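Enquirer:
In our numbering, the protein residues as written are 5 to 303.
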């Protein structure tokens, strides 16, 4: 048996983690064909098939699953050893991968990313803002960003960006001649601009007042998947939208939009950067968190 290279093993763990040659290739920054060729070569060296492949799916064989279970602690120890060398050099290196929603990415790009990259030029920051909630460990990210209240309990959370308030907004032209909603249930008599989540599900609007919580599956003939588009459609008089307040601030300031149901829209805990509590924290992530905390103190 020919001993596989470290590159072979990294390719194997990437495909095994993503169960997709396309996603694994994207994560590694290589072409899908090159990654497939590496895996075929690895299977040839080992003399065993590691993956079951069809046109629609990829899964581990029993041999592949056993190999992955053995490799995980070995590669984790290797990452820690390399990270220790990075610390001894006095500056982080390597790639830092963070999965964030669009709002979180905007805040990080404004307040954290510039000083981080200026201070640590040897780190390559890969900030993915696809929007959908993912398992950051399974997808090969060092950390993620989501609303504080949705961070899994086995994660360490670092809040940033302050509180977030979702508000219901509409154009004065839409409300003219209509009764303004006084309770969330009144929305059933209105045309609402609904939101499609990255998961494919439609978002159900969530309201709270003095301990009473209501979730409303609002009616409407327009569904969008982006907060900026929701605000734009509301400003054009297409109905009532429900968005994070900062997306609508410019329109509220100009009078193109007004709020409704204000007393049902309290602020909520904002965003958090989160990472696994039971894994080694790379030096690059610790440095990023330090700058995140500094930015929080100066806001």
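Even glycine gets a Cβ: it sits at the ideal position worked out from N, Cα and C.
Treat the numbers as computed from the prediction; the structure is a model and nothing was measured.
With burial defined as no fewer than 16 other Cβ atoms inside 10 Å of the residue's Cβ, what is the status of residue 216: buried or exposed?
Expert: By the neighbour-count rule (16 or more Cβ atoms within 10 Å), residue 216 is not buried but exposed.
Enquirer: Mind checking which residues open and close the beta strand (DSSP E) that includes residue 249?
Expert: That residue, residue 249, is in no beta strand (DSSP E); its alpha helix (DSSP H) goes 249-258.
Enquirer: Three-state secondary structure (DSSP) at residue 267?
Expert: Reduced to three states, the DSSP call for residue 267 is helix.
Enquirer: Quick one: residues in its chain with C-beta nearer than 7 Å to the C-beta of residue 242, no 5 flanking neighbours on either side, listed in chain order?
Expert: Counting only Cβ-Cβ distances below 7 Å, and skipping sequence neighbours, we find 197, 226.
Enquirer: Identify the continuous beta strand (DSSP E) that holds residue 132 and give its terminal residues.
Expert: Residues 127-132.
Enquirer: Taking only the alpha-carbon atoms, compute the straight-line gap between residue 177 and residue 295 and give it to the nearest angstrom.
Expert: About 45 Å.
Enquirer: Relative to the C-alpha of residue 73, which candidate in 12, 189, 229, 17 has its C-alpha closest?
Expert: Taking only the C-alpha atoms, the option nearest residue 73 is 17.
Enquirer: Which same chain residues, not among the five before or five after residue 278, have their C-beta less than 6 Å away from its C-beta?
Expert: These residues qualify, in order along the chain: 148, 155, 159, 161.
Enquirer: Have a look at residue 111 and residue 145 and give me their C-alpha separation to the nearest angstrom.
Expert: Whole-angstrom Cα-Cα distance: 19 Å.
Enquirer: Residue 118 by DSSP, collapsed to three states: which one?
Expert: Helix, per DSSP.
Enquirer: Note down the Cα distance separating residue 245 from residue 276, rounded to an integer number of angstroms.
Expert: Those two C-alpha atoms are separated by around 25 Å.
Enquirer: Can you tell which of 170, 98, 131, 123 has the C-alpha that lies nearest to the C-alpha of residue 249?
Expert: Out of 170, 98, 131, 123, 170 has the C-alpha closest to the C-alpha of residue 249.
Enquirer: So, helix, strand or coil for residue 280, using DSSP?
Expert: Correct three-state label for residue 280: strand.
Enquirer: If you compare alpha carbons, which of 106, 287, 212 is closest to residue 267?
Expert: Looking at the Cα atoms, 212 is the closest of the given residues.
Enquirer: Please return the same chain residues whose Cβ sits closer than 8 Å to the Cβ of residue 53, not counting the five positions on each side in sequence.
Expert: Contacts found: 47, 65, 67, 68.
Enquirer: Taking residue 15 as the reference, give the member of 26, 7, 32 with the closest Cα.
Expert: It is 32.
Enquirer: Please say whether residue 95 and residue 130 have beta carbons closer to each other than 7 Å?
Expert: Their beta carbons are not under 7 Å apart, which means residue 130 does not touch residue 95 by this criterion.
Enquirer: Within 10 angstroms of the Cβ of residue 78, are there 16 or more other Cβ atoms? Answer buried if so, exposed if not.
Expert: Its Cβ having fewer than 16 others within 10 Å, residue 78 is exposed.
Enquirer: Smallest Cα separation from residue 205: which of 228, 218, 157?
Expert: The option with the nearest alpha carbon to residue 205 is 228.
Enquirer: The alpha helix (DSSP H) spanning residue 231 covers which residue range?
Expert: That run of the alpha helix (DSSP H) goes 231-239.
Enquirer: Have a look at residue 58 and residue 286 and give me their C-alpha separation to the nearest angstrom.
Expert: Those two C-alpha atoms are separated by around 36 Å.
Enquirer: Going by alpha carbons, who is nearest to residue 21 out of 201, 209, 75?
Expert: Comparing Cα positions, the closest option is 75.
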